[in-house]
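Add 862 to a position in the sequence shown, counting from 1, and you land on the number used in the working numbering.
Backbone N, C-alpha and C fix where the C-beta goes; we use that ideal spot for every residue, glycine too.
Worksheet: one structure, shown below.
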Amino acid sequence: MDTIFSSSQALLNVHSGITSNVGFIWQQTRTPLVVPLLRMILFVCLALSFMLFVERLYMGIVIAFVKLFRRKPEKKYKWEPLKGDLELGNYAYPMVLVQIPMCNEKEVYQLSIGAVCNLSWPANRIFIQVLDDSTDPAIKALVEKECRRWASKGVNIKYEIRDNRKGYKAGALREGMKHSYVKLCSHVAIFDADFQPEPDFLERTIPFLVHNPEIGLVQARWEFVNADECLMTKMQEMSFGYHFTVEQEVGSAAHAFFGFNGTAGVWRMAALNEAGGWKDRTTVEDMDLAVRAGLNGWKFVYVGDLKVKNELPSTFRAYRNQQHRWSCGPANLFRKMAMEIATNKKVSVWKKFYLIYSFFFVRKIIAHAVTFILYCIVIPATVFIPEVKVPRWGTIYIPTAITLLNVLGSARSMQLVVFWILFENVMSLHRTKATFIGLFESGRVNEWIVTEKLGDALKTKKGLKAPKKLHFRVGERVHALELFVGLYLLFCGWYDYLFGNNRFYAYLFLQAMAFFVVGFGYVGVFVPNS
């Protein structure tokens, strides 16, 4: 008994000693090291946050001017509908190539192929290319059969495959351009496998290119068929609303430049070829091409009232993979092209400044990093160090202003703004991680995972009786990184509630809850394994 007591006492002494040592080290380093370091990080984050606010305010002013004076592209550029000539007939229409890249798109391949084959354009003035990179032979057979079905109806459709997936989407598009019949085409339209253009798509876009030789790209807006499927898709629609309503519109109106969205757009072949064609050096081959073409002086037009239906990721795993690619790729492209942009002689200094500072640095780097670092790391940390004061404008005024400017394009979802803020902060964790991976070219920098589309499969599953027990792998449903950040925020909120004076605990508890909800997989549509 004495031995047990002695052992227990020894353990208590060791624990007390460790606690005393930790406390001593904390007291010795707190004032000379921790406080100045946290204060410096806070200052940098607030400065970056202010830069983001100024950028958002600038775009808000420009979009207000565009809407107020109704500066539609049809008024800025010459636009007249194309008509057949009495002598030339349909040959008055330019030859158009339509590319549909896909990979294992079993659920949606019929949607895009059917929509493109129904485009209103002379049959002898269009080539449709289905670029199938599918690795599943059964899916390949289905896609080829669909192409043959449309070919039997007189549609000029080509089913093209290759031996490997080198370069992923960029590689497939580049390979598709090598066929002899492509040389006959002066324009190329691109649609991903889940995109469904309206029949008049070419009739509304091609005239911009025909009548304005300086225009290299015409981009349409995306419209989501499953935006109301779940809370996650509704919040995605809110984020995309700002991108399409403000960012793309402002880029087109004020700078004749914006990032090509990779689909639902039409390129002038000359602009594409002059820029060097498709490159697979990053996972954002569309943005890469747009920047190179923009540096050659080509102008881009965004037609906001021309909408193309497509699908949002319905599962969190698909959305997270998509956001990794869309955050990592631009950062990596910025690393590769910053000096090329700065030393370019073909465009003005103002356009180079816009590309480097506004398009890349503020929107693709700062917007991701400052959201997570400031609101999920630094501000919570200040509850332990009352000497570091966060100004009210940094916690209330600037974030509120940025949020209001961000939701300009999503008026119908304003009631979800609180959920959207919390979810965006959670996603900023992955975007920040991906951004640094892209900047430093490490780890998953070139990872390309095809975004899963469910098409009509989800509706079918909903119509079936759900199984009582869902089978899933823990790694697919439980996300450790989100849970870790959630615990950190919960601890910070608890400490602030008991001992602090900042009164951040209400926000910290809500944000911790959001991280836990995502961490345990209770977001998005979960489709059980069949």
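Check: Along the chain, which unbroken stretches of the alpha helix (DSSP H) at least 4 residues long are found entirely within the region 1015-1046?; Outcome: 1030-1038
Check: For phenylalanine 1086, which residues in the same chain have their Cβ closer than 6 angstroms to its Cβ, ignoring the five residues on either side in sequence?; Outcome: Glu1099, Leu1174
Check: Look at the Cβ atom of isoleucine 1023, then the Cβ atom of asparagine 1183, and state whether they are nearer than 8 angstroms.; Outcome: no
Check: Glutamate 942 to proline 1069, Cα distance in whole Å?; Outcome: 6 angstroms
Check: Cysteine 907 to glycine 1348, Cα distance in whole Å?; Outcome: 21 angstroms
Check: Using a Cβ-Cβ cutoff of less than 7 angstroms, which residues in the same chain neighbour lysine 1028 once the five nearest sequence positions on both sides are dropped?; Outcome: none
Check: Find the nearest neighbour of lysine 1226 within the set Ser1189, Asp1062, Arg1011, judged by alpha-carbon distance.; Outcome: Ser1189
Check: Since valine 960 sits in a beta bridge, which residues does DSSP pair it with?; Outcome: Ile990, Ala1051
Check: Taking one C-beta from the region 963-970 and one from the region 999-1009 each time, how about it: are there three or more such pairs within less than 8 angstroms?; Outcome: yes
Check: What three-state label does DSSP hand lysine 1295 in the structure shown?; Outcome: helix
Check: Measuring only the C-alpha atoms, how far is valine 1232 from threonine 1095?; Outcome: 24 angstroms
Check: Considering only the beta carbon of each residue, do valine 1280 and valine 1269 sit closer than 8 angstroms?; Outcome: no
Check: Pick helix, strand or coil for asparagine 1128, following the three-state DSSP scheme.; Outcome: It is valine, not asparagine, that sits at residue 1128 in the sequence shown. Looking at valine 1128 - three-state DSSP - the assignment turns out to be strand.
Check: Mind checking proline 1192: buried by the 16 CB within 10 Å criterion, or exposed?; Outcome: buried
Check: I want to know whether the region 922-940 touches the region 1036-1049 - three or more CB-CB distances under 8 angstroms.; Outcome: no
Check: Under a three-way DSSP split, which group does glycine 946 fall into?; Outcome: coil
Check: I need the boundaries of the beta strand (DSSP E) containing lysine 1207, first residue and last residue.; Outcome: That residue, lysine 1207, is in no beta strand (DSSP E); it is neither H nor E in DSSP.
Check: With a threshold of 8 angstroms on Cβ separation, who are the neighbours of leucine 1345 within its own chain once the five nearest residues in sequence on each side are excluded?; Outcome: Phe1377, Phe1378, Gly1381, Phe1382
Check: Work out the CA separation of isoleucine 887 and serine 1272 for me, nearest whole Å.; Outcome: 50 angstroms
Check: Give me the Cα-Cα distance between glycine 946 and proline 956, rounded to the nearest whole angstrom.; Outcome: 11 angstroms
Check: Would you give the residue range spanned by the beta strand (DSSP E) that tryptophan 1084 belongs to?; Outcome: 1077-1086
Check: Could you tell me if the beta carbon of lysine 1315 falls within a distance shorter than 7 angstroms of some heavy atom in the ligand FAD?; Outcome: Ligands in the displayed structure: none, and consequently the ligand FAD is not present.
Check: Considering Cα atoms alone, identify which of Ala1013, Val992, Val1017 is closest to leucine 1035.; Outcome: Val992
Check: Nearest-angstrom Cα distance between tyrosine 1021 and arginine 987?; Outcome: 18 angstroms
Check: Considering Cα atoms alone, identify which of Val1165, Cys1354, Thr1177 is closest to lysine 937.; Outcome: Val1165
Check: What did DSSP end up calling tyrosine 955 once you bin it into helix, strand or coil?; Outcome: coil
Check: Compare the beta carbon distance of valine 970 and alanine 1055 with 8 angstroms and say whether it is the shorter of the two.; Outcome: yes
Check: Look at the alpha carbon of aspartate 1150 and the alpha carbon of leucine 899, and state the distance between them as a whole number of angstroms.; Outcome: 37 angstroms
Check: Can you give me the C-alpha to C-alpha distance between lysine 1040 and alanine 1200, rounded to a whole angstrom?; Outcome: 30 angstroms
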